[in-house]
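Residue numbers (this note's numbering): 1 to 575.
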């Protein structure tokens, strides 16, 4: 048994706030090289991209939190600054270093647990009497003792003596003493957010189709086009890189609705530059040229697709208020799961709400405002196909159930990884049952019989069989959770589905049926002696023949569960 403690919404440390601010400054072309310099590998980056698909800001935030988690007490502003300088982000490094000098409370002590990672209990050296490092603020028996040493005082004096005298310059002073420099780090940092909404304005199908099927055709084109973009992300990444070439612009999130890019503006100048590109048509031309190509047309089943790109004027004014520090608008969330997260509107509400009037870019296609279709519902879903009442509430609940499902899979994977380390003891426990010590185990019923015999014998190794069966039962409960809370709602939904979604829905049900068949007590899994059970170095050939099937069962079920998870996310992502 493993006892793990999870912390929910702990208070942010000063160093966490620095990491939050740094992540909001990193552009798409910067953060992966920085991650490599911080010691993260390709597997870490792939996991971050998978867990936060489309949420670019979260990928950067979790990258820094993962680095901090791995380094532990070794994570510090100095280490971060060295990596920033090596990544050619010296200006940001200097701001971090200057802010750290002005705030002695900053340290690398972990106060936010990296998502998905269980915090391990650490020894308290103050209680055990072991050595520990004294800093400017030392906690002793629950109190705080400020300690100023001679060395630190001399160091501060020497630092002040060689610091450039930019603070003597007249003019509006910035936080770090450099005139006119915007605030990148610290409590006075301001960021405004705007959404760039791209929809299909009109499309020409690849084949001749009767007019009666027009709504289904447009729905299939829309789904195929945006599904392809969100799956590959190559075209979207090109758009992100081009947008972030404007100083102060960082793309935070990419979502479906039909394609919604949330952009953070780190200053009034960057906001005005983006707005000018929108009004001048440059933004629309970027979207059209980058997103529509032979590959995306083929995926959508269309000969021609013309996009429409819009930024609501309300978004522009809200962003301006955020940048000017309006008290009416609250600062974005600082919770561990969404540091500096932009204010988001539910995607389902955006899809079905009528599109408000927006300024028309010069390069927007040739319809007059009165003739242009108004919103995704008319283009894709058609008139008279309104969403059923209460759909938003169902979607919110569905997202929570999906998160619980994902956590359940990870928990089972971790439990089995611990179990796999002791597989030799598990096999020895099965072999100790007489007179069937060499029997090939082919069903869960037989495993339960072995468990009962071991209990009757008073064997100490019975706990290995119990642990295996506990993992199997947890996976059965996880499938029941999916059927009751996710699949039942999908199956009873009245929403319109395209061809791709119907196929995905069928695949989900097939995977759930396979999952159920594997977990049935009378299912013969003796043929599951696949490479998934890589115990060749631990077990002998005859042991693999007898017990390879039972050892391959859980990996096979976990693969099926992950397949269900991927299919569910694919199905629900494109609502």
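Think of the CB as a built atom: it goes at the ideal place given N, C-alpha and C, for glycine as much as any other residue.
Which stretch, first to last residue, makes up the alpha helix (DSSP H) that contains residue i?
i: residue 290; result: 282-291
i: residue 90; result: 90-102
i: residue 53; result: Note, residue 53: premise wrong, no alpha helix (DSSP H); not H, not E.
i: residue 504; result: 499-519
i: residue 31; result: 28-37
i: residue 523; result: Careful: residue 523 lies outside any alpha helix (DSSP H) and carries neither H nor E.
i: residue 445; result: 444-457
i: residue 488; result: 488-492
i: residue 464; result: 462-482
i: residue 429; result: 423-431
i: residue 237; result: 234-243
i: residue 83; result: 77-86
i: residue 323; result: 313-323
Could you give the residue range of the beta strand (DSSP E) that holds residue i?
i: residue 259; result: 259-265
i: residue 302; result: 302-310
i: residue 195; result: 192-205
i: residue 249; result: 249-255
Which residue's Cα is closest to the Cα of residue i: the options?
i: residue 443; options: 521, 484, 456, 233; result: 521
i: residue 579; options: 315, 427, 318; result: Outside the shown range of the chain, which is 1 to 575, sits residue 579, and nothing can be said about it.
i: residue 294; options: 36, 101, 225, 96; result: 225
i: residue 398; options: 548, 448, 485; result: 485
i: residue 304; options: 63, 528, 202; result: 202
i: residue 30; options: 240, 567, 260, 523; result: 240
i: residue 515; options: 472, 66, 423; result: 472
i: residue 27; options: 238, 232, 544, 74; result: 238
i: residue 540; options: 25, 493, 423; result: 423
i: residue 469; options: 242, 415, 483; result: 415
i: residue 561; options: 546, 509, 448, 63; result: 509
i: residue 192; options: 74, 315, 291; result: 315
i: residue 258; options: 567, 450, 433, 200; result: 200
i: residue 489; options: 460, 572, 456; result: 572
i: residue 271; options: 292, 228, 324; result: 324
Decide if residue i is buried, meaning its Cβ has at least 16 other Cβ atoms within 10 Å, or exposed.
i: residue 197; result: buried
i: residue 421; result: exposed
i: residue 124; result: A caution first: residue 124 carries a pLDDT of 38, below 50, which makes its placement in the model too unreliable to give a value.
i: residue 21; result: buried
i: residue 244; result: buried
i: residue 336; result: Only weak support is given to the placement of residue 336: the predicted model assigns it a pLDDT of 34, under 50, and the question is left unresolved by the model.
i: residue 50; result: exposed
i: residue 491; result: exposed
i: residue 204; result: exposed
i: residue 132; result: Bear in mind that the predicted position of residue 132 carries a pLDDT of just 31, short of 50, making it unreliable; the figure below should be weighed with that in mind. By the 10 Å Cβ count, residue 132 comes out exposed.
i: residue 548; result: buried
i: residue 264; result: buried
i: residue 266; result: buried
i: residue 219; result: buried
i: residue 452; result: exposed
i: residue 16; result: buried
i: residue 445; result: exposed
i: residue 61; result: buried
i: residue 195; result: buried
i: residue 322; result: buried
i: residue 18; result: buried
i: residue 440; result: exposed
i: residue 280; result: exposed
i: residue 102; result: exposed
i: residue 501; result: buried
i: residue 46; result: exposed
i: residue 425; result: exposed
i: residue 100; result: buried
i: residue 318; result: buried
i: residue 135; result: Legend: pLDDT at residue 135 = 30, less than 50; position of this residue unreliable, value from coordinates given subsequently. Residue 135 should be labelled exposed.
i: residue 277; result: buried
Tell me, to the nearest whole angstrom, how far the beta carbon of residue i is from that of residue j; I am working on the premise that it is less than 8 Å.
i: residue 221; j: residue 300; result: 5 Å
i: residue 84; j: residue 93; result: 4 Å
i: residue 554; j: residue 511; result: That pair is no contact at about 16 Å.
i: residue 417; j: residue 504; result: Contact doesn't hold; Cβ gap of about 30 Å is too wide.
i: residue 230; j: residue 256; result: 6 Å
i: residue 429; j: residue 465; result: 6 Å
i: residue 235; j: residue 296; result: 7 Å
i: residue 518; j: residue 557; result: 5 Å
i: residue 87; j: residue 206; result: That belief does not hold up - the Cβ atoms of residue 87 and residue 206 are roughly 45 Å apart, past 8 Å.
For the ligand SAH, is there a heavy atom less than 6 Å away from the beta-carbon of residue i?
i: residue 306; result: Judged by which ligands are present, the structure shown has none, so any question about the ligand SAH falls away.
Stretch pair the segment 277-290 + the segment 303-323: three plus CB contacts closer than 8 Å: Contact check between the segment 277-290 and the segment 303-323: three or more CB pairs, one atom from each, fall below 8 Å, which counts as touching.
Stretch-stretch touch, CB-based, cutoff 8 Å, three pairs: the segment 72-81 with the segment 43-60: No, the segment 72-81 is not in contact with the segment 43-60.
Cβ pair count under 8 Å reaching 3, the segment 33-45 against the segment 63-74: Under the Cβ criterion (8 Å, minimum of three pairs), the segment 33-45 counts as touching the segment 63-74.
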